[in-house]
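Numbering (my numbering), first residue to last: 22 to 487. Every residue gets a Cβ at the ideal spot worked out from N, C-alpha and C, and that includes glycine. As the structure is a prediction and not an experimental result, all values here were calculated from the model. In what follows, a single structure is set out as structure tokens and then discussed.
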RNA sequence: GGCGACGUAGCCAAGUGGUAAGGCAGCGGUCUGCAAAACCGCCAUCCACGGGUUCGAAUCCCGUCGUCGCCUCCA
């Protein structure tokens, strides 16, 4: 069974074959850093983290690059409003985002290039495009890409150049030969960061940066180029036009796009202002909750985000965690062990089959839940020993491929732990004395504080709510 | 207006030609002093609606309705 990936370029799922055997190059478009990142940005990072983890688990070496757009109209505007330096502002948001990715258990990329540190490569890229007559310098100091020079322009988004004409526009101050052309280089305006170039002082346009950074970090041809599906047009379309016009080779062999987070039926976005920031989410929930939410449906479909869904996801996570509770019995072989071993292998192969099918994480989770049931059943049957721990190890391994930490959120409670243990001891005495009403009051009061007590044959255990 | 996606139980959601995964919630049971957790059982004759193709369709085709995205900065 081989990995199949859906390619936006061909609108088909096809078997994955990296350009270099065993090695995968993956470029993912990162955010423009001018405000707090929201869970839509987190979703994209999580999706490609899962892709990367699965590829690595499957035996590939992955070179993963994610960029930051740190030179941009909105950054400049924000910085001017706040009286801050635009680079300082962009850098602080980028650093915060990196810290949040760490909290979200997203593996660090191999490189995080930025526009501000790629200017020489961008200028060289544009010069080469002009030489090839795919771009031209306008009298006002702007440089534009000539869309008409690119005969397969529109192939990613399935748009026809002639259909786009009516929709295209020329902003005030632009000096294009054709309304469809887009800026590679923008002439400097007063008060804006600018660099020297053959066309005078200026700064790069939006799309060229990714072409240049991808070329610099990963070479002319890459395996996977990813991002949100709102980037298909114009951003990724334009990247293809620039890079392929320069290299005369096909750029990315697979274009992967994740769906948008839907909040109250609308796309969550900075411009709509209907967003939940990563930091607000993480204040109320663990990182695993967001990851599990993303894993629960197809990465390509819109992600339904409501408070109800978040609450359901927390309970799902509790269920996954139940598989990690220790064995209780002393049986180490027999029918229970055989059944668990069979379930373990079934789960592993179901997991792989689902993930091989275009990263069907919902199907992979189903395989995990089947293993949860099998492990809990075995525990109830009194199984312990290597058969039991081996199943738990497989469970942890597969959950780890999805990037789930599956840690009990007890760290915050360490200060309270001695007091909770004390209350449990007192409550045990009350139960011995059959003082049920008082014992229940202790349990209820702790429950209201987020501490769940569970009475088992071996005594009372406690855990924090997710 | 153009391009594209989608519409599966109370909720989330997988499944893209062979007769509906999984989770949450709910209901019944085992266990428990009672709970909780765990386990067992139940929970869509049916996949927006109307036609069509086929031995056979949630899955393919046509139409209708609805939702969303892109077409301008956007993960």
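Does the Cβ of residue i have 16 or more other Cβ atoms within 10 Å, making it buried, or fewer, making it exposed?
{"i": "residue 3", "result": "The requested residue 3 does not occur in the structure, where the chain is confined to residues 22 to 487."}
{"i": "residue 98", "result": "exposed"}
{"i": "residue 412", "result": "buried"}
{"i": "residue 121", "result": "buried"}
{"i": "residue 91", "result": "buried"}
{"i": "residue 230", "result": "buried"}
{"i": "residue 88", "result": "buried"}
{"i": "residue 225", "result": "buried"}
{"i": "residue 334", "result": "buried"}
Between which two residues does the beta strand (DSSP E) containing residue i stretch?
{"i": "residue 279", "result": "273–279"}
{"i": "residue 325", "result": "324–326"}
Can you give me the C-alpha to C-alpha distance between residue i and residue j, rounded to a whole angstrom?
{"i": "residue 144", "j": "residue 344", "result": "55 Å"}
{"i": "residue 223", "j": "residue 471", "result": "56 Å"}
{"i": "residue 94", "j": "residue 242", "result": "30 Å"}
{"i": "residue 381", "j": "residue 37", "result": "15 Å"}
{"i": "residue 468", "j": "residue 301", "result": "24 Å"}
{"i": "residue 452", "j": "residue 409", "result": "32 Å"}
{"i": "residue 140", "j": "residue 279", "result": "29 Å"}
{"i": "residue 30", "j": "residue 274", "result": "8 Å"}
{"i": "residue 503", "j": "residue 308", "result": "Only positions 22 to 487 of the chain appear in this structure, which leaves residue 503 out of reach."}
{"i": "residue 78", "j": "residue 32", "result": "26 Å"}
{"i": "residue 244", "j": "residue 202", "result": "27 Å"}
{"i": "residue 312", "j": "residue 378", "result": "19 Å"}
{"i": "residue 57", "j": "residue 316", "result": "23 Å"}
{"i": "residue 264", "j": "residue 179", "result": "18 Å"}
{"i": "residue 117", "j": "residue 276", "result": "28 Å"}
{"i": "residue 269", "j": "residue 183", "result": "23 Å"}
{"i": "residue 166", "j": "residue 173", "result": "14 Å"}
Based on the DSSP output, what are the partners of residue i in its beta bridges?
{"i": "residue 33", "result": "28"}
{"i": "residue 137", "result": "Looking at the DSSP assignment, residue 137 forms no beta bridge with any residue, so it has no partner."}
{"i": "residue 473", "result": "484"}
{"i": "residue 71", "result": "None; residue 71 has no bridge partner."}
{"i": "residue 206", "result": "164, 225"}
{"i": "residue 89", "result": "135"}
{"i": "residue 45", "result": "83"}
{"i": "residue 157", "result": "165"}
{"i": "residue 59", "result": "298"}
Candidates the options: which alpha carbon is nearest residue i's?
{"i": "residue 152", "options": "140, 139, 170", "result": "170"}
{"i": "residue 131", "options": "70, 112, 378, 429", "result": "70"}
{"i": "residue 72", "options": "235, 418, 45", "result": "45"}
{"i": "residue 419", "options": "74, 281, 54, 40", "result": "74"}
{"i": "residue 261", "options": "284, 210, 283, 233", "result": "233"}
{"i": "residue 67", "options": "340, 481, 126", "result": "126"}
{"i": "residue 405", "options": "349, 355, 378, 359", "result": "349"}
{"i": "residue 157", "options": "341, 283, 172, 198", "result": "198"}
{"i": "residue 479", "options": "107, 375, 347", "result": "347"}
{"i": "residue 207", "options": "253, 159, 177", "result": "159"}
{"i": "residue 363", "options": "444, 352, 425, 395", "result": "395"}
{"i": "residue 195", "options": "216, 164, 28, 211", "result": "164"}
{"i": "residue 28", "options": "372, 341, 321", "result": "321"}
{"i": "residue 272", "options": "456, 324, 236, 252", "result": "236"}
{"i": "residue 299", "options": "119, 112, 108, 219", "result": "119"}
{"i": "residue 403", "options": "447, 422, 355, 383", "result": "355"}
{"i": "residue 386", "options": "483, 111, 442, 319", "result": "319"}
How far does the alpha helix (DSSP H) with residue i in it extend, from its first residue to its last?
{"i": "residue 364", "result": "356–377"}
{"i": "residue 118", "result": "107–124"}
{"i": "residue 233", "result": "227–239"}
{"i": "residue 446", "result": "438–453"}
{"i": "residue 248", "result": "Counting along the chain, residue 248 falls outside any alpha helix (DSSP H), though it belongs to the beta strand (DSSP E) covering 243–249."}
Confirm the yes/no value for this check: CB of residue i, any heavy atom of the ligand SAM, distance under 6 Å.
{"i": "residue 461", "result": "Looking at this structure, you won't find the ligand SAM or any other ligand, since it has none at all."}
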